[in-house]
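What follows is one structure encoded as structure tokens, with my remarks underneath.
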Amino acid sequence: MINTTDPVRYDQLMEEYRATMNRMVPLSNTMGTTFDELVTGNMARASA
């Protein structure tokens, strides 16, 4: 992306990047929350 000198292509790549990030961030947030819940559950069971 950084190597392109064509402004139209750069804009296309940036739009693809934004679209990809918009799909990935919610998945990442959900996965992080799930992992936190798993760790909390494991710690609670281990200390019981």
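All residue numbers for the sequence shown refer to numbering that gives the first Met the number 0, where the first residue is 0 and numbers rise by one.
Ideal Cβ placement from N, Cα and C applies to all residues, glycine included.
The three-state secondary structure of THR3, taken from DSSP, is coil. Distance from the CA of THR39 to the CA of ASN2, rounded to the nearest whole angstrom, comes to 45 Å. If you draw a straight line from the Cα of GLU14 to the Cα of SER27, it is about 20 Å long.
DSSP places ALA47 outside both helix and strand once states are collapsed to three, so it counts as coil.
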